[in-house]
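Right, one structure below, let's go through it.
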Amino acid sequence: MPELPEVEVVRRGLAQWVVGREIADAEVLHPRAIRRHLPGADEFAARLKGRTVLSAERRGKYLWLPLSGAEEALLAHLGMSGQLLVVDPQTPPERHLRVRLRFEDGGPDLRFVDQRTFGHVMLTPLVHGVPEPIAHIAPDPFEESFDEAEFTRRLRARHTEIKRALLDQSLISGVGNIYADEALWIARLHWARPTETLTRPKIVELLAGVRTVMGAALLQGGTSFDALYVNVNGESGYFDRSLEVYGRRDLPCSRCGTPIRREAFMNRSSYSCPKCQRKPR
DNA sequence: AGTTCAACCTTCACGC
DNA sequence: TGCGTGAA
DNA sequence: GTTGAAC
Numbered sequence: 001m002p003e004l005p006e007v008e009v010v011r012r013g014l015a016q017w018v019v020g021r022e023i024a025d026a027e028v029l030h031p032r033a034i035r036r037h038l039p040g041a042d043e044f045a046a047r048l049k050g051r052t053v054l055s056a057e058r059r060g061k062y063l064w065l066p067l068s069g070a071e072e073a074l075l076a077h078l079g080m081s082g083q084l085l086v087v088d089p090q091t092p093p094e095r096h097l098r099v100r101l102r103f104e105d106g107g108p109d110l111r112f113v114d115q116r117t118f119g120h121v122m123l124t125p126l127v128h129g130v131p132e133p134i135a136h137i138a139p140d141p142f143e144e145s146f147d148e149a150e151f152t153r154r155l156r157a158r159h160t161e162i163k164r165a166l167l168d169q170s171l172i173s174g175v176g177n178i179y180a181d182e183a184l185w186i187a188r189l190h191w192a193r194p195t196e197t198l199t200r201p202k203i204v205e206l207l208a209g210v211r212t213v214m215g216a217a218l219l220q221g222g223t224s225f226d227a228l229y230v231n232v233n234g235e236s237g238y239f240d241r242s243l244e245v246y247g248r249r250d251l252p253c254s255r256c257g258t259p260i261r262r263e264a265f266m267n268r269s270s271y272s273c274p275k276c277q278r279k280p281r
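The first sequence finishes on residue 281 if you use the UniProt record's numbering, and the numbering steps up by one all the way, no holes.
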């Protein structure tokens with residue numbers, strides 16, 4: 001498993017190419033890619049033109065670029081299949097290209113590509129440095145503002161099941177269904193474990209698991225499950241992905257050899273090792 | 001109040 | 001070969 | 001992955 005800070009690779013990748021650059025033109029190729037908070041594609045494009053990108057930030061599945069002028073940012077929500085790509089302007093349009101930003105310097109485009117249209121980009125005001133629509137989203141474990149003691153306190157005050165808590169974006173962000181299952185396996189925790197029974201060291205272990213899984217995924221460009229989902233380099237993360245439990249029903253646990261089980265939970269799949277992750281009584 | 005569930009979309013793998 | 005289904 | 005409606 002790669003070591004920290006993998007996130008910085010992604011962030012630097014964005015910052016390196018984008019920061020300080022003036023937007024020449026914004027093109028919306030799919031109306032739903034900018035749904036919400038804006039009248040339409042034309043105004044979206046008009047408001048971006050001539051603005052300069054100041055920096056690049058990330059929170060969970062969100063990336064945002066603060067812009068010159070007003071306290072505003074271009075916010076991208078990647079969803080499950082969305083990607084924010086930095087590519088040579090000569091590159092032919094991607095099959096699922098939704099929004100394309102060209103720059104005055106003639107350098108690489110910033111392209112929002114999203115097969116399933118679950119993600120979107122928008123222009124939004126910043127409040128305390130964070131886009132207004134995601135003000136309720138808690139920091140992810142890679143952010144400097146992520147406070148482990150605070151997280152521990154709030155987690156144990158929840159009185160809920162641990163996986164439910166991990167998927168709660170107001171408590172911790174960046175952890176989806178797959179990452180949750182993987183992190184729980186690493187920490188040898190059953191998804192139904194009551195949060196108030198977790199010891200401080202166990203929570204530390206779990207967070208380490210979350211960072212390991214999330215970091216590996218970020219290295220591959222965020223969401224990359226199917227071979228058709230590609231990373232920032234346009235390569236599939238499919239083959240070098242190393243999932244221990246997710247999607248491995250009946251396959252042996254790499255720690256103890258016990259067949260991995262699949263259970264329905266919260267209207268989705270949950271995978272775990274019956275031996276390593278004992279169900280709480 | 002807490003929880004489940006369908007909807008939002010496109011594509012692909014699978015079985016018949 | 002295609003059509004419906006389930007899953008991402 | 002997120003939202004909002006329905007139990």
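Don't be surprised by glycine CBs; every beta carbon is placed ideally from N, CA and C.
Note that this is a predicted model, so its numbers are computed, not measured.
Cβ pair threonine 244, isoleucine 162 closer than 9 Å
The amino acid occupying residue 244 in the given sequence is glutamate; threonine does not appear at that position. No; because the gap between Cβ atoms is not below 9 Å, this pair is not in contact.
What is the residue span of the beta strand (DSSP E) that tryptophan 191 lies within?
No beta strand (DSSP E) contains tryptophan 191, which DSSP labels as neither H nor E.
Segment contact, 8 Å Cβ cut-off, at least three pairs: the segment 99 to 111 with the segment 73 to 89:
yes
Would you call the segment 207 to 216 and the segment 133 to 146 touching, i.e. three or more CB-CB distances under 8 Å?
yes
Mapping DSSP to helix, strand and coil, what is valine 19?
coil
Select from Asp250, Ala73, Pro133 the residue whose C-alpha is nearest the C-alpha of serine 170.
Pro133
Nearest-angstrom Cβ-Cβ length linking proline 280 and arginine 200, presumed shorter than 8 Å:
That belief does not hold up - the Cβ atoms of proline 280 and arginine 200 are roughly 18 Å apart, past 8 Å.
Simplified DSSP assignment, three categories, for glycine 209
For glycine 209, the three-state secondary structure derived from DSSP is helix.
Would you grab the beta carbon distance between leucine 63 and isoleucine 23 for me? Rounded to a whole angstrom, and I think it's under 8 Å.
Their Cβ separation, rounded to whole angstroms, is 16 Å, which puts leucine 63 and isoleucine 23 out of contact at 8 Å.
Taking arginine 116 as the reference, which of Leu97, Asp147, Tyr271 has the closest Cα?
Ranked by Cα distance from arginine 116, the first of Leu97, Asp147, Tyr271 is Leu97.
For cysteine 276 and isoleucine 178, what's the separation of their Cα atoms in angstroms?
18 Å
Between alanine 149 and leucine 166, what straight-line distance do the alpha-carbon atoms span, to the nearest angstrom?
16 Å
Nearest by alpha-carbon distance to phenylalanine 118: which of Cys253, Arg32, Asp250, Leu251 is it?
Arg32
To the nearest angstrom, report how far apart arginine 188 and serine 272 are at their CA atoms.
9 Å
Which residues mark the beginning and the end of the alpha helix (DSSP H) in which aspartate 181 is found?
Counting along the chain, aspartate 181 sits inside the alpha helix (DSSP H) bounded by residues 177 to 186.
Three-state secondary structure (DSSP) of methionine 122
strand
From Arg35, Asp105, Val99, Gly60, pick the residue whose C-alpha is nearest to that of arginine 21; which is it?
Asp105
Contact check, alanine 45 vs valine 18 under 8 Å by CB: the rounded distance?
So it is not a contact: roughly 18 Å between Cβ atoms.
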